[in-house]
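Student: Dropping the structure in here first, questions after.
Residue numbers (our numbering), protein chains in the order written: chain A, 59 to 475; chain B, 59 to 475.
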């Protein structure tokens, strides 16, 4: 673990190797862009005001613009070199350069417990993919049987659709159970009422860095530079509404009532040591989608449920980013392949990330096999889908030789309809 | 026709009864919000600066905020009363009050030919519906035969999906033919290349006024006040890409490369005299979707094609807003029924508006019945789908006893891939 002026506990998710980026409200009320270090939040705009980035080109003004906007978009637009410069400077500042700068440290640090994380970016467009083969196979098997589980297009392209940017909310935002039309088996007409099959989807999201023009594409060779970082994402889903509405134009009201993301965005630089080959792709993708390097990250993803009335959360799903079949770069290249404009702050959801084990199925629909195999909780009660008052917490982390990279958390509690 | 200080030709689309709203760049370079009157563009921010709205509460500052933002969003957020106050004031100003104000008129008016219309709003989210029964029936018949043309959910709810807000462009923006994956009949693998079935969709769009909170719904009684106005919309579609990608999550790259809208937004007040009952709804919708009043507008919609190399455009489609089955209010109420947040400037597309006649089929897919019945053009050439260099022009208008309400136009020319 890199030595830090700020004490870092051995199991801290936020050592100097991580330096996730986010937007938060300080206890003073000021909104700023910052990072996390040990148990401290670091106000990067305040560091800029105190001259810490004076030798780093446009970095200081980019951070100040971010604080002004209450969003990471200016930093996203500035490109990968600026983000990497920030990382290197922060590692120097907090390993040695600020050693005798008690005043600067006092002004820029504040316990994480005292700040309020906000949505990290102004999200112009939100796209959700469907890129875990285990997930697509499980859902397809339930609907059409295992022989025809995967649609023919699934292995040829990263299937995706547009979600609603305006209802992406930050971790901690309560989630109101949606009402909607559902069709019960045997009924002649649908009924309108609260969803009875409210589900979670364990995903990650990546934020886009930089803007493309209308009609411009992104070749695979340029895709890594267009990814700013990764967050945890919970694509809340009302399965009964989805089942009735989704043919032929896809999910709509079943999904767009809310999508939760973590406040911290973990950079590709922090995750670089944890790249893994990823799932084998057979058939080989068409040329524009071929990615020569590693396609996966070895990042453990967990979903914890704190049932209504319970005092403790229980882990019910453990999956891993490595289970994605289509990588975030492949998603991005496909997305731009028709000339669709991408903007800084656009969010690409991975789709539910399920692994091969039952315990790694990334949503309740799969975990309970359509509600037929309820999950038993420690107090003996069971769950098929979410109940009012249930709290859901996503976490993500990976481990180096002597340090840990954490994603923080993405949580939400279900309010009654 | 209302008497106007500004000369209005008898067939002008922009009499004092219309007063569409938009954003434009003046020949001076200044960006402003304004309206159209006869053959003149009216700079509403300049009118505000000159005190024309001094007795109208917050109207002046709302218009100045719009000019500052280069968007109608502040006016959309201000609500229906402010929009109606603006209309009444403009009718008084340009019928009598500005009679002796040559200086004000000179500063605020400029020939329409000299201004550049811009996108009318910052569009947070764009949703496209599928609300013409004739269109859904025709497309379903081609895919599944007439007996199973309509999916069971179609008559119970306004089917819709999220499009891409970041690629909604204003009339006049050239449209690059998209590349993408398509699967040819009999092939084992898809190929990647320029779309060969590039289509238009004749639609209207409505802009949302005001914001709802996450979890808030909009009852039918409040729906009219949440619609700011209507524009022409062309939902460019690559049918070959769509066919391969759309199962199971809906259209994605087949649609999101570009959506064109007209620069002028026609208000509900201008269209009020032209309300008609709309298409009969059978079965009666569920209670939350029932709309007691008229559901349609008698607005003629035309699609003109100017083939590459031709000197004149030819009308190939004539449809009407009255052919919508689900009204814009029903779309809006359904959209918010799950608590999905709506924001000022959000855009709801109607879906392709087709009527019962062949000439009123609102897209080439229907008009040429999947490419099997080409359209013959005046020079003897034919079209199934769009060719490079083709220009497409949508127009819309309705006629009162002695005046005409026009929507301007929504045009785009196809550039090669």
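Idealized CB from N, CA, C, for every residue including glycine.
Can residue 103 (chain A) and residue 90 (chain A) be called in contact, C-beta distance under 7 Å?
Tutor: Within the first chain, numbered from 1, the residue matching residue 103 (chain A) stands at position 45. Within the first chain, numbered from 1, the residue matching residue 90 (chain A) stands at position 32. In this structure, residue 90 (chain A) lies closer than 7 Å to residue 103 (chain A) by Cβ.
Student: Secondary structure at residue 425 (chain A), three-state DSSP: helix, strand or coil?
Tutor: To locate residue 425 (chain A), count along the first chain from 1; it is residue 367. Of the three classes helix, strand and coil, the one that applies to residue 425 (chain A) here is helix, per DSSP.
Student: Is it buried or exposed for residue 35 (chain B), if we count other Cβ within 10 angstroms and need 16 for buried?
Tutor: Summary: the structure shown does not reach residue 35 (chain B), with chain B confined to residues 59 through 475, and so no result is reported for it.
Student: Taking CB distances under 7 Å as the criterion, tell me whether residue 217 (chain A) reaches chain B.
Tutor: Here residue 217 (chain A) refers to the residue found at position 159 of the first chain. It does; some Cβ of chain B falls within 7 Å.
Student: How about residue 293 (chain B) and residue 422 (chain B): do their beta carbons lie closer than 7 Å?
Tutor: Start at 1 with the first residue of the second chain, and residue 293 (chain B) comes out as number 235. Start at 1 with the first residue of the second chain, and residue 422 (chain B) comes out as number 364. No. Outside cutoff.
Student: What number of angstroms, rounded off, separates the C-alpha of residue 386 (chain A) from the C-alpha of residue 309 (chain B)?
Tutor: Here residue 386 (chain A) refers to the residue found at position 328 when the first chain is read from its first residue. Here residue 309 (chain B) refers to the residue found at position 251 when the second chain is read from its first residue. Each residue's Cα considered, the two are about 20 Å apart.
Student: Run through DSSP, which three-state label would residue 176 (chain A) get?
Tutor: Against the first chain, residue 176 (chain A) aligns to sequence position 118. Residue 176 (chain A): strand per DSSP, three-state reduction.
Student: How would you list, in chain order, the residues of chain B whose beta-carbon sits under 9 Å from the beta-carbon of residue 302 (chain A)?
Tutor: By 1-based counting over the first chain, the position of residue 302 (chain A) is 244. Near residue 302 (chain A) (Cβ distances below 9 Å), the residues of chain B are 210, 211, 214 and 215.
Student: Relative to the alpha-carbon of residue 230 (chain A), which residue among A:451, A:460 and A:465 has its alpha-carbon at the smallest distance?
Tutor: For the purposes of this step, residue 230 (chain A) is identified with residue 172 of the first chain, where counting begins at 1. The candidate whose alpha carbon is nearest that of residue 230 (chain A) is A:451.
Student: For residue 165 (chain B), I'd like the list of residues in its chain whose CB is within less than 8 Å of its CB, leaving aside the five on either flank, ordered along the chain.
Tutor: Position 107 of the second chain, counting from 1, holds the residue named residue 165 (chain B). Cβ neighbours of residue 165 (chain B) beyond the five flanking positions: 101, 104 and 108.
Student: On the three-state DSSP scale, how would you describe residue 146 (chain B)?
Tutor: Position 88 of the second chain holds residue 146 (chain B). Three-state result, residue 146 (chain B): helix.
Student: Starting from residue 299 (chain A), trace the beta strand (DSSP E) in both directions and tell me its first and last residue.
Tutor: Stepping through the first chain from its first residue, residue 299 (chain A) is reached at position 241. It is not in any beta strand (DSSP E) - residue 299 (chain A) instead sits in the alpha helix (DSSP H) that spans 297 to 303.
Student: Would you say residue 399 (chain A) lies against chain B (beta-carbon separation less than 7 Å)?
Tutor: On the first chain, position 341 is the one that residue 399 (chain A) refers to. Judged by the 7 Å Cβ criterion, residue 399 (chain A) is in contact with chain B.
Student: Using 10 angstroms around the beta-carbon of residue 467 (chain A), count the other beta-carbons present and answer buried if the total reaches 16, otherwise exposed.
Tutor: Taking the first chain and counting its residues from 1, the one referred to as residue 467 (chain A) is at position 409. When all chains shown are included, residue 467 (chain A) counts as buried.
Student: Quick one: is residue 248 (chain A) near chain B, going by C-beta distance under 7 Å?
Tutor: The residue given as residue 248 (chain A) occupies position 190 in the first chain. Judged by the 7 Å Cβ criterion, residue 248 (chain A) is in contact with chain B.
Student: For residue 154 (chain A) and residue 144 (chain A), I'd like the C-alpha separation in whole angstroms.
Tutor: Counting from 1 along the first chain, the entry for residue 154 (chain A) is found at position 96. Counting from 1 along the first chain, the entry for residue 144 (chain A) is found at position 86. Approximately 15 Å between the Cα atoms of the pair.
Student: For chain B, check one thing: does any of its Cβ atoms lie closer than 7 Å to the Cβ of residue 149 (chain A)?
Tutor: Here residue 149 (chain A) refers to the residue found at position 91 of the first chain. Chain B contact via Cβ: absent.
Student: Mark residue 404 (chain A) as exposed unless 16 or more other C-beta atoms lie within 10 angstroms of its C-beta, in which case mark it buried.
Tutor: As a working mapping, residue 404 (chain A) is identified with position 346 in the first chain. Residue 404 (chain A) should be labelled buried.
Student: Please identify, using Cβ separations under 8 Å, the residues of the segment 398 to 428 of chain A that lie next to chain B, in order along the chain.
Tutor: Residues 398, 399, 400, 401 and 404.
Student: Check residue 330 (chain B) in the structure and name its three-state DSSP category.
Tutor: Within the second chain, numbered from 1, the residue matching residue 330 (chain B) stands at position 272. Note: residue 330 (chain B) maps to helix in three-state DSSP.
Student: Given the structure, does residue 175 (chain B) come close to the ligand SAM, in the sense that its CB is under 6 Å from one of the ligand's heavy atoms?
Tutor: Ligands displayed in this structure: none; no statement on the ligand SAM is therefore possible.
Student: Which value, in whole angstroms, describes the spacing of the CA atoms of residue 176 (chain B) and residue 112 (chain B)?
Tutor: Position 118 of the second chain, counting from 1, holds the residue named residue 176 (chain B). Position 54 of the second chain, counting from 1, holds the residue named residue 112 (chain B). Going from the Cα of residue 176 (chain B) to the Cα of residue 112 (chain B) covers about 27 Å.
Student: Determine which residues share a DSSP beta bridge with residue 364 (chain B) and list them.
Tutor: Counting from 1 along the second chain, the entry for residue 364 (chain B) is found at position 306. Partner(s): B:449.
Student: Can you name the start and end residues of the alpha helix (DSSP H) that residue 387 (chain A) belongs to?
Tutor: Position 329 of the first chain, counting from 1, holds the residue named residue 387 (chain A). Residue 387 (chain A) -> alpha helix (DSSP H) spans 386 to 394.
Student: Return the first residue and the last residue of the beta strand (DSSP E) that residue 169 (chain B) is part of.
Tutor: In the second chain, residue 169 (chain B) corresponds to position 111, counting from 1. That run of the beta strand (DSSP E) goes 167 to 169.
Student: For the candidate residues B:446, B:228, B:447 and B:60, whose alpha-carbon lies nearest to that of residue 129 (chain B)?
Tutor: Locating residue 129 (chain B) in the second chain gives position 71, counting from the first residue. Nearest option by C-alpha distance: B:228.
Student: Residue 196 (chain B) by DSSP, collapsed to three states: which one?
Tutor: In the second chain, residue 196 (chain B) corresponds to position 138, counting from 1. Looking at residue 196 (chain B) - three-state DSSP - the assignment turns out to be helix.
Student: Does residue 444 (chain B) have its Cβ less than 7 Å from a Cβ in chain A?
Tutor: In the second chain, the residue the question calls residue 444 (chain B) occupies position 386. Not closer than 7 Å to any Cβ of chain A, the Cβ of residue 444 (chain B) fails to qualify, so no.
Student: Does the segment 333 to 345 of chain A come close enough to the segment 261 to 272 of chain A to have 3 or more Cβ pairs within less than 8 Å?
Tutor: Output reads no: the segment 261 to 272 of chain A does not touch the segment 333 to 345 of chain A.
Student: Which of the three DSSP states, helix, strand or coil, is assigned to residue 152 (chain A)?
Tutor: Taking the first residue of the first chain as position 1, residue 152 (chain A) is located at position 94. Helix at residue 152 (chain A).
Student: Taking DSSP as the reference, what is the three-state secondary structure of residue 225 (chain A)?
Tutor: For the purposes of this step, residue 225 (chain A) is taken as residue 167 along the first chain, with counting starting at 1. Helix.
Student: Between the Cα of residue 379 (chain B) and those of B:189, B:73 and B:433, spot the shortest distance and give me the residue it belongs to.
Tutor: Position 321 of the second chain, counting from 1, holds the residue named residue 379 (chain B). Ranking the options by Cα distance to residue 379 (chain B), first place goes to B:189.
Student: Are the CB atoms of residue 248 (chain B) and residue 214 (chain A) nearer to each other than 7 Å?
Tutor: The sequence position of residue 248 (chain B) within the second chain is 190, counting from 1. The sequence position of residue 214 (chain A) within the first chain is 156, counting from 1. Cβ distance < 7 Å, so residue 248 (chain B) and residue 214 (chain A) count as in contact.
Student: Determine the contact status of residue 339 (chain B) and residue 216 (chain B), defining contact as a CB-CB distance below 7 Å.
Tutor: The residue labelled residue 339 (chain B) in the question sits at position 281 within the second chain. The residue labelled residue 216 (chain B) in the question sits at position 158 within the second chain. Going by C-beta atoms, residue 339 (chain B) is not nearer than 7 Å to residue 216 (chain B).
Student: Tell me the start and end of each unbroken beta strand (DSSP E) in the segment 67 to 93 of chain A that is at least 3 residues and wholly inside, in chain order.
Tutor: Taking only runs of at least 3 residues, the beta strand (DSSP E) segments lying wholly in the segment 67 to 93 of chain A are 79 to 83.
Student: Once DSSP output is grouped into helix, strand and coil, what is the label at residue 506 (chain B)?
Tutor: Here chain B has residues from 59 to 475 only, and residue 506 (chain B) is not among them.
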